[in-house]
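Listed in order, the protein sequences are those of chains B and X.
When you line the first sequence up against our numbering, it's residues 361 to 767, in that order.
When you line the second sequence up against our numbering, it's residues 361 to 767, in that order.
The beta-carbon is built from N, C-alpha and C at its ideal position, and this holds for glycine as well.
2 protein chains.
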Amino acid sequence: MPPFDLPEGDPFGTHNLPYGVFSLPGSDSARRVGVRLGDHVLDAGRAAYALGSPYAPLLAQDSLNPLLAAGRTTWSDVRRALTAWVTVPAHQEAIADLLHPLSSVTLHLPFEVADYVDFYASENHARNVGQIFRPDAADSLTPNWKHLPIGYHGRSGTIVVSGTDVVRPSGQRKAPTDPAPVFGPSVRLDIEAEVGFVVGTPSEMGRPVALGDFREHVFGLCLLNDWSARDVQAWEYVPLGPFLGKSFATSVSAWITPLDALEEARVAAPERTHPLLPYLDDSAAEAEPGGYDLRISVAVNGHVVSEPPFSTMYWTAAQQLAHMTVNGASLRTGDLYGSGTVSGPTERERGSLLELTWNGRDPLELPDGKRTFLEDGDVVTLSAWAPGPGGVRVGLGEVTGQVVAGS
Amino acid sequence: MPPFDLPEGDPFGTHNLPYGVFSLPGSDSARRVGVRLGDHVLDAGRAAYALGSPYAPLLAQDSLNPLLAAGRTTWSDVRRALTAWVTVPAHQEAIADLLHPLSSVTLHLPFEVADYVDFYASENHARNVGQIFRPDAADSLTPNWKHLPIGYHGRSGTIVVSGTDVVRPSGQRKAPTDPAPVFGPSVRLDIEAEVGFVVGTPSEMGRPVALGDFREHVFGLCLLNDWSARDVQAWEYVPLGPFLGKSFATSVSAWITPLDALEEARVAAPERTHPLLPYLDDSAAEAEPGGYDLRISVAVNGHVVSEPPFSTMYWTAAQQLAHMTVNGASLRTGDLYGSGTVSGPTERERGSLLELTWNGRDPLELPDGKRTFLEDGDVVTLSAWAPGPGGVRVGLGEVTGQVVAGS
Chain B
361 MPPFDLPEGD PFGTHNLPYG VFSLPGSDSA RRVGVRLGDH VLDAGRAAYA
411 LGSPYAPLLA QDSLNPLLAA GRTTWSDVRR ALTAWVTVPA HQEAIADLLH
461 PLSSVTLHLP FEVADYVDFY ASENHARNVG QIFRPDAADS LTPNWKHLPI
511 GYHGRSGTIV VSGTDVVRPS GQRKAPTDPA PVFGPSVRLD IEAEVGFVVG
561 TPSEMGRPVA LGDFREHVFG LCLLNDWSAR DVQAWEYVPL GPFLGKSFAT
611 SVSAWITPLD ALEEARVAAP ERTHPLLPYL DDSAAEAEPG GYDLRISVAV
661 NGHVVSEPPF STMYWTAAQQ LAHMTVNGAS LRTGDLYGSG TVSGPTERER
711 GSLLELTWNG RDPLELPDGK RTFLEDGDVV TLSAWAPGPG GVRVGLGEVT
761 GQVVAGS
Chain X
361 MPPFDLPEGD PFGTHNLPYG VFSLPGSDSA RRVGVRLGDH VLDAGRAAYA
411 LGSPYAPLLA QDSLNPLLAA GRTTWSDVRR ALTAWVTVPA HQEAIADLLH
461 PLSSVTLHLP FEVADYVDFY ASENHARNVG QIFRPDAADS LTPNWKHLPI
511 GYHGRSGTIV VSGTDVVRPS GQRKAPTDPA PVFGPSVRLD IEAEVGFVVG
561 TPSEMGRPVA LGDFREHVFG LCLLNDWSAR DVQAWEYVPL GPFLGKSFAT
611 SVSAWITPLD ALEEARVAAP ERTHPLLPYL DDSAAEAEPG GYDLRISVAV
661 NGHVVSEPPF STMYWTAAQQ LAHMTVNGAS LRTGDLYGSG TVSGPTERER
711 GSLLELTWNG RDPLELPDGK RTFLEDGDVV TLSAWAPGPG GVRVGLGEVT
761 GQVVAGS
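The structure is reproduced here in structure tokens:
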């Protein structure tokens with residue numbers, strides 16, 4: 361049974377077990393819930409039936425939504441069951457035929473996205489953007505930045521799974537010196553390296569979710585590339601925020617890493633420089649630490665250009681959830697929220713080309729030439745790992761996409 | 361058969377036939393597609409089966425989504441069939457028992473909302489807002505306003521049907537003179553009287569929808585109240601736009617009026633003051649006129665405070681659809697987009713309390729006292745009609761909601 365015989369320290373070992381949705385080639389191409397183990401995917405629904413598990417109805421599905429809706433206790437119970445299936449020899453034997461090489465399957469968007477919200481939670485990123493776009497401002501942060509996690513709603517219908525081509529968007533742009541806007545393909549197509557949080561348990565309208573209830577509602581996380589057309593965005597975004605500069609595509613990993621796999625990666629957020637209102641205040645000793653130590657890597661055409669550290673985010677996912685619902689807005693199973701671009705304090709830790717090239721002023725030197733923004737044909741890959749049990753890495757599913765010219 | 365014996369000129373006569381979703385009280389409480397006729401609702405699915413119609417599978421549903429997805433030709437065919445059922449005596453007889461008094465049914469959100477976008481398409485509204493919030497600006501419009509229909513994504517999960525209570529949201533607010541933000545229930549809760557457009561036919565990612573294809577994709581329209589917490593919005597919206605100031609609730613009519621019922625209401629948009637890029641240019645004689653002559657009425661506790669005319673909107677729904685997809689963003693069945701607050705040129709035609717009271721400076725005198733913004737217990741009702749065949753009015757379904765205090 362080679363699939364269970366993973367090299368020591370494999371980041372997708374039995375300590376990880378992220379969830380996805382896959383289909384097999386040929387006539388039996390139905391979508392099914394899968395669990396990744398090394399370079400294989402376990403058909404979780406069939407495995408559950410083979411082993412007579414009570415979770416079979418939850419796992420024999422074409423999306424993760426039923427599992428997401430089942431809630432924290434069930435998430436942990438299912439994970440314990442899966443861990444037994446892939447580690448106990450008698451179970452291994454029963455499910456060995458239900459492991460498929462990743463190279464033989466097609467991976468799909470793993471859940472039906474309800475609402476998509478994108479935040480702006482990295483202080484380094486916000487300061488860089490402020491300095492680039494508002495060089496004359498007294499403070500590179502807007503006055504509200506340290507008081508609330510700024511966010512906005514994005515387009516759910518154009519969230520695509522890793523591997524999907526991204527068509528270069530067209531739109532209006534206008535340089536300050538242009539007399540009128542011009543129309544055409546974006547000439548400043550960018551990356552935003554982010555982490556996406558997936559809501560499982562819904563909430564009631566009119567009932568805010570407290571900071572401490574983060575783990576009751578959020579099932580897991582994934583990598584997210586919030587592709588951005590900077591020229592379109594710059595012209596459109598005052599006063600109602602980003603719209604077409606972002607809505608053409610957002611890519612997410614095919615694998616959702618459950619929070620339960622990231623226990624060792626939990627860290628406190630950076631020190632707060634401003635007092636927080638009670639609903640956001642995570643300074644109490646018993647508060648949800650909220651931060652995660654995820655080491656992200658951004659590659660263009662296989663060449664690593666940046667390594668943004670997620671632990672540097674000023675606002676945590678727990679604070680974002682509390683903020684998003686404090687006005688009574690309800691959560692639905694399948695809601696997704698992005699952290700905002702992850703940028704660390706140093707130049708090689710910036711999560712966007714806007715920052716890495718300082719709005720095109722300082723091109724990157726790649727093996728295949730200089731880059732300010734993305735060119736047609738460029739392949740962008742985000743990958744990441746987190747510290748796991750006993751120093752073993754927990755791998756996050758990569759998110760990749762190739763830029764293609766519009767027709 | 362009294363239900364068919366409507367008074368002459370009834371705005372919900374056989375020339376209208378809007379669609380909704382209802383349930384009956386008691387044990388048979390399943391949701392079903394209904395068509396409004398006067399003060400009754402026809403159980404459309406059962407009527408279709410009773411008459412042996414081929415559209416029975418499309419109508420015997422718990423939401424409008426299957427009908428929405430069926431496309432323009434089917435929409436028109438189904439409407440012709442329905443018109444025959446409610447006008448031809450033999451058919452009337454067969455379906456008389458399937459008409460239920462509106463007072464006896466519960467109305468539900470008529471479709472599953474995919475993405476929700478809100479625009480900002482009234483020049484009068486945008487100029488009023490600009491003068492109120494940016495009194496020192498040289499132009500009350502932002503530089504992009506006349507070049508593109510400004511829009512942003514809103515929260516789909518908190519779209520509610522007319523009649524649903526709206527819990528006053530809490531959030532952060534900060535007056536310019538406050539040293540730090542404070543938290544509490546919004547003290548500037550407002551109305552935004554809008555028209556919502558419902559997308560039926562989806563589109564492919566990477567393929568913009570041309571201006572002239574508006575009617576191929578949009579099934580119909582409804583009234584929409586984009587409840588807004590002005591104090592929350594003012595503090596949060598720079599730089600990424602409205603978020604919690606809007607996301608707590610958006611109310612829509614229980615009835616979707618098909619575009620086919622509004623042929624006589626089609627009007628050209630106001631004259632353009634700026635040249636438009638080709639994808640938005642509707643000046644050609646053969647272009648989709650795009651405008652609709654809808655006479656809206658805004659009432660607070662039954663007292664009419666404003667009558668915004670939709671025909672004054674600078675940007676049309678056809679332009680909004682073309683803009684929303686020009687970057688390659690795809691449409692899904694159930695996408696909803698709001699026009700933005702409808703405000704006419706005169707004081708009594710403004711679609712928000714922000715404008716009607718000039719940000720609270722000039723309170724409205726209502727029979728039950730003065731109003732700047734909404735108080736707990738206030739009931740807001742938007743209603744509207746459009747010119748129909750032979751001068752008969754086409755009634756739009758009202759959208760109403762009562763403000764209740766948070767718990």
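Give a yes or no on whether the C-beta atoms belonging to residue i and residue j are separated by under 7 angstroms.
{"i": "Pro618/B", "j": "Gly580/B", "result": "yes"}
{"i": "Gly412/X", "j": "Ala404/X", "result": "no"}
{"i": "Ser699/X", "j": "Ala481/X", "result": "yes"}
{"i": "His468/X", "j": "Val521/X", "result": "yes"}
{"i": "Asp550/X", "j": "Leu714/X", "result": "yes"}
{"i": "Gly517/X", "j": "Leu501/X", "result": "no"}
{"i": "Asn504/X", "j": "Trp595/B", "result": "yes"}
{"i": "Asp620/X", "j": "Arg439/X", "result": "yes"}
{"i": "Tyr512/B", "j": "Leu696/B", "result": "no"}
{"i": "Ala746/X", "j": "Leu654/X", "result": "yes"}
{"i": "Gly651/B", "j": "Ser671/B", "result": "yes"}
{"i": "Val658/X", "j": "Trp587/X", "result": "no"}
{"i": "Asn585/B", "j": "Leu424/B", "result": "no"}
{"i": "Glu648/B", "j": "Phe574/B", "result": "yes"}
{"i": "Gly688/B", "j": "Pro529/X", "result": "yes"}
{"i": "Gly704/X", "j": "Trp615/X", "result": "no"}
{"i": "Gly694/B", "j": "Phe471/B", "result": "yes"}
Below 8 angstroms on the Cβ atoms is my contact criterion, and I expect residue i with residue j to pass it. Report the Cβ-Cβ distance as a whole number of Å.
{"i": "Ala429/B", "j": "Gly560/B", "result": "6 angstroms"}
{"i": "Arg533/B", "j": "Pro539/B", "result": "Contact doesn't hold; Cβ gap of about 13 angstroms is too wide."}
{"i": "Val448/X", "j": "Ser611/X", "result": "Wrong, their Cβ atoms sit about 36 angstroms apart, outside the cutoff."}
{"i": "Val764/B", "j": "Asp736/B", "result": "6 angstroms"}
I need the straight-line Cα distance from residue i to residue j, nearest angstrom please.
{"i": "Ala410/X", "j": "Leu458/X", "result": "9 angstroms"}
{"i": "Ser563/B", "j": "Arg692/B", "result": "7 angstroms"}
{"i": "His451/B", "j": "Trp445/B", "result": "5 angstroms"}
{"i": "Val578/B", "j": "Arg432/B", "result": "8 angstroms"}
{"i": "Leu622/X", "j": "Gly748/X", "result": "7 angstroms"}
{"i": "His485/B", "j": "Phe479/X", "result": "28 angstroms"}
{"i": "Ser666/X", "j": "Asn719/B", "result": "47 angstroms"}
{"i": "Thr374/X", "j": "Thr443/X", "result": "6 angstroms"}
{"i": "Arg680/B", "j": "Asp642/B", "result": "The sequence as given places Gln at residue 680/B; Arg does not occur at that position. Cα-Cα distance, rounded: 12 angstroms."}
{"i": "Gly601/B", "j": "Pro599/X", "result": "6 angstroms"}
{"i": "Thr524/X", "j": "Arg567/B", "result": "16 angstroms"}
{"i": "Leu419/B", "j": "Leu637/X", "result": "50 angstroms"}
{"i": "Leu398/B", "j": "Glu552/B", "result": "Looking at the sequence shown, residue 398/B is not Leu but Gly. Going by the C-alpha atoms only, they are around 27 angstroms apart."}
{"i": "Gly369/X", "j": "Val401/X", "result": "18 angstroms"}
{"i": "Ala682/X", "j": "Glu576/X", "result": "12 angstroms"}
{"i": "Ser607/X", "j": "Asn661/X", "result": "24 angstroms"}
{"i": "Val740/B", "j": "Ser389/X", "result": "51 angstroms"}
{"i": "Gly711/B", "j": "Leu726/X", "result": "54 angstroms"}
{"i": "Arg548/B", "j": "Arg590/B", "result": "5 angstroms"}
What residues match up with residue i in a beta bridge as DSSP calls it?
{"i": "Ile616/X", "result": "Tyr379/X"}
{"i": "Leu581/B", "result": "Phe557/B, Thr617/B"}
{"i": "Ser500/B", "result": "Looking at the DSSP assignment, Ser500/B forms no beta bridge with any residue, so it has no partner."}
{"i": "Pro371/B", "result": "Its beta-bridge partners do not exist; DSSP assigns none."}
{"i": "Pro461/X", "result": "His400/X"}
{"i": "Ala744/X", "result": "Ile656/X, Leu756/X"}
{"i": "Gly761/B", "result": "Val740/B"}
{"i": "Lys730/X", "result": "Glu725/X"}
{"i": "Ser666/B", "result": "Val658/B"}
{"i": "Thr466/X", "result": "Ser383/X"}
{"i": "Tyr476/X", "result": "Gly514/X, Leu696/X"}
{"i": "Gly650/B", "result": "Ala628/B"}
> Going along the chain, which unbroken runs of the beta strand (DSSP E) with 3 or more residues stay wholly within the segment 669-728 of chain X?
Replying inline: 696-698, 724-726
> Fully enclosed by the segment 513-541 of chain X, which beta strand (DSSP E) runs are 3 residues long or longer?
Replying inline: 519-521, 530-533
>> Restricting to runs no shorter than 3 residues, where is the beta strand (DSSP E) found entirely within the segment 384-422 of chain X?
In response: 392-397, 400-403
>> Quick check for students: name the residue ranges of the alpha helix (DSSP H) that lie wholly in the segment 584-631 of chain X, counting only runs of 4 or more.
In response: Listed in chain order, the complete alpha helix (DSSP H) runs (minimum 4 residues) inside the segment 584-631 of chain X are 590-596.
> In the segment 543-575 of chain X, which residue ranges form an unbroken beta strand (DSSP E) of at least 3 residues, counting only runs that do not cross its ends?
Replying inline: 553-559
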